[in-house]
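Please read the structure below before turning to the comments.
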Amino acid sequence: MKLALVPSLAFALGLCAAAAGAQTLEIGAYPSNPPWEFKNEQSEFEGFEVDLVKEIAERMGAELNIQDLGFQALFAATSSGRIDMAISTITVTPERLENQAFTQPYYDSDLGLVTGAAGVESLEEMEGKTVGALASSTGEKWINENMEEYGFGEYRSYSSQQGLLLDVANGRVAAGIGDILGFEFAAEQMPALDVTQRIRTGEQFAIMMPKNSDKLEEVNAAITEIKEDGTMAELYRKWLEAEPAAGTSTVTVLPIPGME
């Protein structure tokens, strides 16, 4: 004899079945990159881009799993398909588009010069001095391309942003070059640091995904919705404590890079 399920039990079983069928998005994130992504006291990820991928997952009806990865490891993880998406203020560049896919950008940025004990005020004062950057970052790329113009004495590559900033603060390197907003945020927490110059590059941040990812269009469509309904602007205000400017990639729907 079959027993009829009571409505509450049937509903609960239905939820379990739906959850069991939900896809899980694997996200890679570098954990020392506030206010974009960082770990709180409970070792949980927080930040602008963390809230963004949570919003994307919700709109896709997907579960979310964020993996703690080094910045360099993010590129290998997307290339191998180990993760579906990588976040960590990743700039779209022609070189990266050769091996990776990107969603539409959602933040316009520049590089910055951060100094500490050395007291450097500008790039022009960096001749013969040691400069540092996060390995595989656009800051590292910019240094390599401008080594001769500014006469840097030595370049040091760092596997972590914290290591770079500590060496800058203590004067072990004269200055660091990297995402200006990240440096400005760090300087608020570390009084020994000072962001002394903006290096205008016109960089744009986007979510990096495996080349030819079958999820790219759906993720990008979610970002379009997030921009159009004002959620992206809310995230900007929440984490950056400012109003996004009109015409920037935060509030403007853009094409997928490389697919214009």
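Under mature numbering (1 follows the signal peptide of the UniProt record, and there is no 0), read the sequence shown as residues -22 to -1, 1 to 238, first letter to last. Even for Gly, the Cβ is constructed at its ideal location relative to N, Cα and C.
query: Using a Cβ-Cβ cut-off of 7 Å (strictly less than) and excluding sequence neighbours within five positions of residue 24, which residues of its own chain qualify?
result: Around residue 24, the same chain offers 16 and 18 as residues with beta carbons nearer than 7 Å, after the five sequence neighbours per side are excluded.
task: Could you pull the start and end residues of the alpha helix (DSSP H) that residue 50 belongs to?
output: 49 to 58
- prompt: Does the segment 164 to 173 come within contact of the segment 30 to 40, defined as at least 3 CB pairs closer than 8 Å?
  reply: no
- prompt: Below 7 Å between beta carbons: does that hold for residue 68 and residue 4?
  reply: no
- prompt: Rounded to whole angstroms, how far is the Cβ of residue 188 from the Cβ of residue 2, which I believe are closer than 8 Å?
  reply: Not a contact, Cβ separation roughly 15 Å.
query: Which residues in the same chain have their Cβ closer than 7 Å to the Cβ of residue 228, if we skip the five residues on either side of it in sequence?
result: 84, 85, 210, 211, 214 and 222
- prompt: Using 8 Å as the Cβ pair cut-off and three pairs as the minimum, do the segment 145 to 165 and the segment 118 to 135 touch?
  reply: Contact holds: three or more Cβ-Cβ distances are below 8 Å.
field: Nearest to residue 6 (by Cα), restricted to the options 208, 121, 21 and 49
entry: 49
Collapsed DSSP secondary structure at residue 72 in the structure displayed: Residue 72: helix per DSSP, three-state reduction.
field: Same chain only: Cβ atoms within 6 Å of residue 178, ignoring 5 sequence neighbours per side
entry: 88
message: Using a Cβ-Cβ cutoff of less than 7 Å, which residues in the same chain neighbour residue 108 once the five nearest sequence positions on both sides are dropped?
response: 131, 132, 134, 151 and 152
query: residue 107 by DSSP, collapsed to three states: which one?
result: Annotated three-state conformation of residue 107 is coil, per DSSP.
query: Run through DSSP, which three-state label would residue 189 get?
result: coil
Reference residue 186, options 97, 235 and 104, closest by Cα: For the residues 97, 235 and 104, the minimum Cα distance to residue 186 belongs to 235.
- request: Could you give the DSSP three-state label for residue 202: helix, strand or coil?
  value: helix
query: Where residue 92 and residue 112 are concerned, what is the direct C-alpha to C-alpha distance, given to the nearest angstrom?
result: 13 Å
As assigned by DSSP and simplified to three states, the class of residue 229: Three-state result, residue 229: coil.
field: Among 54, 66, 226 and 59, nearest to residue 29 - alpha-carbon criterion
entry: Of the listed residues, the one whose Cα sits closest to residue 29 is 66.
Collapsed DSSP secondary structure at residue 156 in the structure displayed: strand
message: For residue 72 and residue 174, what's the separation of their Cα atoms in angstroms?
response: 28 Å
query: Who are the near neighbours of residue 96 in its chain, counting only those whose CB is closer than 6 Å to its CB and skipping five residues on each side?
result: 149 and 152
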